[in-house]
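First the structure, in the form of C-alpha cells, and then the observations on it.
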Ligand SMILES: Cc1cc2nc3c(=O)[nH]c(=O)nc-3n(C[C@H](O)[C@H](O)[C@H](O)COP(=O)(O)OP(=O)(O)OC[C@H]3O[C@@H](n4cnc5c(N)ncnc54)[C@H](O)[C@@H]3O)c2cc1C
Ligand code: FES
Ligand code: FES
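Chains as they are written, first to last, in this note's numbering: chain W, 23 to 316; chain A, 42 to 203.
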C-alpha cells in the first residue's frame with residue numbers, strides 16, 4: 023500500500039531532528055494544500071510527512087519596528103489581521119484572494135513561497151517588500167533576501183535539512199503606497215494569468231519617487247523584480263506618462279510562456295498595462311496615507 | 042501501519058483506527074458513516090467536502106486525518122438538533138430553494154454557517170466571498186445567496202426573541 027508516516031513535532035528543533043533522520047525521503051507539510059494534492063496525484067511519494075502545523079513558534083504575526091511573519095501562518099490569519107490590511111495592503115491584496123476561505127484556513131504563506139509555483143500569489147508582494155527569509159537547520163540560521171530565494175519552478179534555495187522559520191519585513195518609509203493585482207478570468211478560485219505588485223515611496227510632495235519596487239509573477243520561471251523599470255522610476259516624477267514608460271520597460275523584462283491560462287504575448291502586454299494601473303493604485307494609497315498621517 | 046486517533050465529531054468523542062495518509066473526508070464517510078459531506082473533486086476545488094474543524098471551514102478531502110486528533114469536527118449531520126429540528130440555515134435553504142440536486146448543499150451550508158457565526162449580518166459581497174469555494178452545478182447561486190440572507194434574518198430574529 024502506498025502510504026506515509028505522519029509526524030507532528032511541537033517545536034522547530036524536533037522538526038529538524040526528524041528532517042535529519044528521514045532526509046530526502048521526507049517532506050515538510052504545513053497546510054498541505056499543495057502537498058496533499060501532489061500526493062494524491064502521485065507527484066510526490068514521501069515515506070514521512072513532517073507537519074509544521076503544531077509548532078507555535080512558526081505561527082505568528084508580530085509587528086514592532088519591523089513586521090515578522092511565522093512561516094506556518096495561514097493566509098486567513100493574515101487576511102484577518104487589521105495591521106496587515108492597514109500597513110501592508112499589498113500582502114492583504116494577495117492573501118485575501120488565494121483559493122477559497124476553506125483553502126486559506128489551511129494554506130500558509132511559507133507553504134506558498136516554498137512550493138515556489140511561478141504563480142504563487144504571495145511572491146510579488148513579498149518581493150516588493152524586500153522580505154528577508156529566515157531559514158534554520160541543525161547547523162544554525164541563515165537569512166536570504168527573497169529576490170535570491172527562488173531558483174526555478176518548484177525550486178528554492180531551501181536545502182532538504184532546512185526549515186523556513188519566518189519572514190522579516192522592514193516598515194516602509196513614510197509616504198509609501200503598495201498594491202498587488204491578481205489578473206484572472208474568474209474573480210475567485212483561479213490562479214493568476216499574471217500577478218503584479220508595486221511599491222512606491224515618495225518624498226513629501228507625493229510626486230518624486232524615492233523608492234520603487236515592481237514584483238511580477240507568471241512572467242518568468244520564478245517570480246521576478248522588474249529592476250530596469252524600478253530604476254527608471256527612481257528619482258522621477260510619478261504620473262501616468264512615467265508609469266506608462268515603466269510598464270513598457272517592465273514588459274521587456276518578462277519572458278513569459280504560453281500556457282492554458284494565457285499566451286506569452288498577452289502576458290507581456292498585460293504586464294505593461296498592469297504595472298501602470300497598479301502603480302497608480304500605489305500612488306493613490308501613498309497620498310491617502312500621507313493625508314492620514316498629517 | 043494503522044494508528045489510533047481520537048477526536049470529537051458533532052459533539053461525540055470517537056476513536057478510529059486510521060492509515061496516516063487518509064484524509065478527514067474518507068474517515069467521516071467510510072469509517073464513521075457520516076455521508077453528508079460529499080467527495081466532488083478530491084482536490085480542494087469544489088467545496089462539496091466542507092466541514093468545520095474547530096469552527097473553521099476546511100476542505101476535508103485534503104485535510105490530513107492525523108491533524109484531527111483532539112479537535113472538534115462539525116459536519117452537516119451535527120447541525121439539526123437531536124430531536125430532528127432543522128438548524129435555521131437548513132430551514133432557510135429549503136425555504137428559498139437553495140437546494141436542487143443537493144450534492145453541494147452540505148458544503149454550502151457549512152460554509153454559510155461559518156460565515157454567519159463570524160459575521161451575523163453579511164452583505165452580498167461578503168456572502169459571495171465566503172461561498173466562493175463551494176461550486177453548485179444546479180441553482181445558478183442566486184437562490185443560495187438568497188438562502189444565506191434569509192438564514193441571517195432567521196438567526197437574528199431568534200437572537201432577538203432570546
Ligand atoms: C483549491 C486550491 C486553490 C488554490 N489557489 C491558489 C491561489 O489562488 N494562489 C496561490 O498562490 N496558490 C493557490 N493554491 C496553492 C496552495 O494553496 C498555496 O500554495 C498554499 O499557500 C500552500 O501552503 P500550504 O501551507 O498548504 O503548503 P504545503 O502544501 O503544506 O507545502 C507546500 C510546499 O512547501 C514546503 N514547505 C511548507 N512549509 C515550509 C517551511 N516552513 N519550510 C520549508 N518548506 C516548507 C512543503 O514541503 C511543500 O513542498 C491553491 C490550492 C488549492 C488546493
Ligand atoms: S471534494 Fe473536497 S473540495 Fe472538492
Ligand atoms: S444543488 Fe446541485 S450542485 Fe448545487
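Here a beta-carbon is modelled for each residue, glycine too, at the ideal position from N, C-alpha and C.
Can you tell which of the options has the C-alpha that lies nearest to the C-alpha of residue i?
i, options, result
"residue 112 (chain W)", "W:235, W:219 and W:227", "W:219"
"residue 144 (chain W)", "W:71, W:164 and W:201", "W:201"
"residue 290 (chain W)", "W:256, W:240 and W:66", "W:240"
"residue 198 (chain W)", "W:65, W:46, W:305 and W:51", "W:305"
"residue 127 (chain A)", "A:201, A:184 and A:192", "A:192"
"residue 210 (chain W)", "A:177, A:173, A:91 and A:139", "A:173"
"residue 153 (chain A)", "A:141, A:129 and A:136", "A:129"
"residue 176 (chain W)", "W:243, W:313 and W:83", "W:243"
"residue 263 (chain W)", "W:281, W:137, W:232 and W:302", "W:302"
"residue 53 (chain A)", "A:123, A:168 and A:171", "A:123"
"residue 245 (chain W)", "W:48, W:75 and W:146", "W:146"
"residue 139 (chain W)", "W:25, W:231, W:27 and W:57", "W:57"
"residue 96 (chain A)", "W:40, W:123 and W:118", "W:123"
"residue 80 (chain W)", "W:33, W:256, W:151 and W:278", "W:33"
"residue 160 (chain A)", "A:104, A:197 and A:187", "A:197"
"residue 58 (chain A)", "A:71, A:140, A:44 and A:156", "A:44"
"residue 283 (chain W)", "W:248, W:217 and W:270", "W:217"
"residue 163 (chain W)", "W:178, W:170, W:179 and W:184", "W:184"
"residue 91 (chain A)", "A:135, A:108 and A:146", "A:146"
"residue 20 (chain W)", "W:180, W:142 and W:309", "In the structure displayed, chain W extends from 23 to 316; residue 20 (chain W) sits before or after that span and is not available."
"residue 228 (chain W)", "W:309, W:92 and W:117", "W:309"
"residue 171 (chain W)", "W:53, W:278 and W:134", "W:134"
"residue 106 (chain A)", "A:140, A:46 and A:120", "A:46"
Could you tell me which residues DSSP puts in a beta bridge with residue i?
i, result
"residue 155 (chain W)", "W:166 and W:189"
"residue 198 (chain W)", "W:223"
"residue 64 (chain A)", "A:105"
"residue 145 (chain A)", "Residue 145 (chain A) is not bridged to any residue."
"residue 205 (chain W)", "W:216"
"residue 71 (chain W)", "W:28 and W:49"
"residue 83 (chain A)", "Bridge partners of residue 83 (chain A): none, in fact."
"residue 172 (chain W)", "W:178"
"residue 136 (chain W)", "The partner list for residue 136 (chain W) (beta bridge, DSSP) is empty, contrary to what the question assumes."
"residue 93 (chain A)", "A:98 and A:115"
"residue 46 (chain A)", "A:57"
"residue 92 (chain W)", "W:188"
"residue 259 (chain W)", "W:230"
"residue 239 (chain W)", "W:217"
For the putative contact between residue i and residue j, defined by C-beta atoms under 8 Å, what is the C-beta separation to the nearest angstrom?
i, j, result
"residue 299 (chain W)", "residue 273 (chain W)", "Residue 299 (chain W) to residue 273 (chain W), Cβ: 13 Å. No contact."
"residue 238 (chain W)", "residue 276 (chain W)", "7 Å"
"residue 37 (chain W)", "residue 72 (chain W)", "6 Å"
"residue 205 (chain W)", "residue 292 (chain W)", "6 Å"
"residue 127 (chain W)", "residue 98 (chain W)", "5 Å"
"residue 129 (chain W)", "residue 230 (chain W)", "At roughly 39 Å, the Cβ-Cβ gap does not stay under 8 Å, so residue 129 (chain W) and residue 230 (chain W) are not in contact."
"residue 69 (chain W)", "residue 26 (chain W)", "6 Å"
"residue 148 (chain A)", "residue 175 (chain A)", "5 Å"
"residue 90 (chain W)", "residue 189 (chain W)", "7 Å"
"residue 81 (chain A)", "residue 103 (chain A)", "Not quite, the Cβ-Cβ distance comes to about 12 Å (not below 8 Å), so this is no contact."
"residue 163 (chain A)", "residue 155 (chain A)", "Rounded, the Cβ-Cβ distance is 11 Å, inconsistent with contact."
"residue 70 (chain A)", "residue 78 (chain A)", "7 Å"
"residue 234 (chain W)", "residue 213 (chain W)", "That belief does not hold up - the Cβ atoms of residue 234 (chain W) and residue 213 (chain W) are roughly 27 Å apart, past 8 Å."
"residue 77 (chain W)", "residue 94 (chain W)", "6 Å"
"residue 93 (chain A)", "residue 132 (chain A)", "That belief does not hold up - the Cβ atoms of residue 93 (chain A) and residue 132 (chain A) are roughly 19 Å apart, past 8 Å."
"residue 73 (chain A)", "residue 109 (chain A)", "That belief does not hold up - the Cβ atoms of residue 73 (chain A) and residue 109 (chain A) are roughly 11 Å apart, past 8 Å."
"residue 186 (chain A)", "residue 169 (chain A)", "7 Å"
"residue 131 (chain W)", "residue 150 (chain W)", "Actually they are not in contact, since the Cβ atoms of residue 131 (chain W) and residue 150 (chain W) sit about 15 Å apart, beyond 8 Å."
Taking any Cβ of chain W, which residues in the region 69-82 of chain A have a Cβ under 9 Å from it, in chain order? none
Neighbouring residues (CB closer than 6 Å to any heavy atom of ligand 2): A:80, A:81, A:82, A:83, A:85, A:86, A:87, A:88, A:89, A:90, A:100 and A:102
Can you pull every residue whose C-beta falls closer than 5 Å to some heavy atom of ligand 3, listed in chain order? A:141, A:142, A:144, A:145, A:177, A:178 and A:179
Interface positions of the region 160-175 of chain A facing chain W (Cβ-Cβ less than 9 Å), listed along the chain: 169, 170, 171, 172, 173, 174 and 175
Residues of the region 120-146 of chain W whose Cβ lies closer than 8 Å to any Cβ of chain A, in chain order: 121, 122, 123, 124, 125, 127 and 128
What are the residues of the region 105-136 of chain A that lie near chain W, defined by any Cβ-Cβ distance shorter than 9 Å? 105, 106, 107, 108 and 110
Chain A contacts from the region 27-50 of chain W (Cβ-Cβ distance under 9 Å): 27, 28, 29 and 30
Residues in the region 201-233 of chain W with C-beta within 7 Å of chain A's C-beta atoms, listed in sequence order? 210 and 211
Could you list the residues in the region 97-111 of chain W with a C-beta less than 7 Å from some C-beta on chain A, going in chain order? none
Relative to chain W, which residues along the region 87-98 of chain A have a C-beta separation below 7 Å, given in chain order? 88, 91, 97 and 98
Looking at chain A, which residues of the region 172-206 of chain W have a Cβ within less than 9 Å of any of its Cβ atoms? none
Interface residues of the region 281-313 of chain W facing chain A [CB-CB below 9 Å]: none
Going along the chain, which residues of the region 146-160 of chain W sit with their C-beta nearer than 7 Å to a C-beta in chain A? none
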